[in-house]
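Each remark here refers to the structure printed beneath this line.
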Amino acid sequence: MKSNTTEIAELIRNAPIGQYIGADGATILAECAAQKIDLADDEVLCEKGISTNCFYIVIKGRLAITGVVKDKQSAPILHVLEKGDLVGELSFIDGSAHPDTVRSLGNASVISFNKADIDPLITSNPVLIFNFMRAVIKRVHSTLTTINRQQHELVAYIETGGRGRL
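Numbering (the working numbering), first residue to last: 30 to 195.
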C-alpha cells in the first residue's frame with residue numbers, strides 16, 4: 030500500500046464514517062475511491078451551480094458555505110463546516126449542482142469521494158458501500174436534526190421577544 034493510501038485510510042478510519050466501515054473498508058476506499066485535497070486560505074472547493082459528482086469530508090480546518098455575492102461585497106457566510114462535517118452529498122448521489130459555494134477559511138483539508146470511483150465498488154463490495162452510504166445518511170440526518178433543533182430555539186426566542194425560551 031502506498032504511503033498516501035495509508036494516510037488516507039487512517040483519515041477515513043478517524044472520520045465519522047470510519048465506525049461504520051472499519052479498517053478494511055477504509056483501506057479499500059483509500060485504494061480505490063478517495064483522495065485527500067489540501068486547500069489554501071479562501072480556496073473554492075465547490076462552486077454554486079456546478080456539479081462535481083463528489084462529496085467531501087472535512088478532515089482539517091474549516092470551510093465556509095457562502096451565499097451570493099452582490100455588488101463586489103464579500104459573500105455572506107451561511108454556515109461553517111468543521112472536522113467531520115460532510116458537503117456535496119447530493120452532487121455525489123444524483124449529480125445535482127451545488128446550491129452554494131464552499132471555500133476554505135484558512136488552510137483546510139478534505140477527503141474527496143468521486144461517484145465514478147465508488148460505482149465499481151457497488152458490485153465488487155456491496156456490503157462496504159451499504160455501510161458507507163448508511164454512514165453518510167446517518168451524518169446527514171444528524172445535521173438535519175441539529176438544524177431543526179436550532180430552528181425551534183430561534184422560533185422560541187422570537188416568540189418570547191428575546192426574553193428567554195418558552
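Where a beta carbon is used, it is the ideal one built from N, C-alpha and C, also for glycine. Just so it is clear, the structure is predicted and the values come from calculations on it, not from any experiment.
Counted as a single uninterrupted DSSP element, the stretch harbouring Ser80 is not any beta strand (DSSP E), since DSSP gives it neither H nor E. By the CB criterion at 8 angstroms, Thr130 and Val87 fall outside the cutoff.
For Gly135, the enclosing beta strand (DSSP E) covers residues Thr130 to Asn143. Around the Cβ of Val156, a 10 Å sphere holds fewer than 16 other Cβ atoms; the residue is exposed. Per DSSP, Asp53 is one residue of the alpha helix (DSSP H) stretching across Gly47 to Cys61. Counting only the Cα atoms, Phe161 lies some 12 angstroms from Phe84.
If you ignore the 5 residues before and after Ile151, its C-beta comes within less than 8 angstroms of the C-beta of Ile158, all in its own chain and listed in chain order.
Taking C-beta atoms as the reference points, Leu68 and Asn136 count as a pair closer than 8 angstroms. Under the DSSP assignment, His181 falls in the alpha helix (DSSP H) whose first and last residues are Pro155 to Glu188.
Only exposed fits Ile79, as fewer than 16 other CB atoms lie within 10 angstroms of its CB. About 11 angstroms separates the Cβ atoms of Phe142 and Ala44, ruling out a contact at the 8 angstroms cut-off.
If you compare the alpha carbons of Gly190, Arg178, Asn154 and Cys75 with that of Leu92, the shortest gap goes to Cys75.
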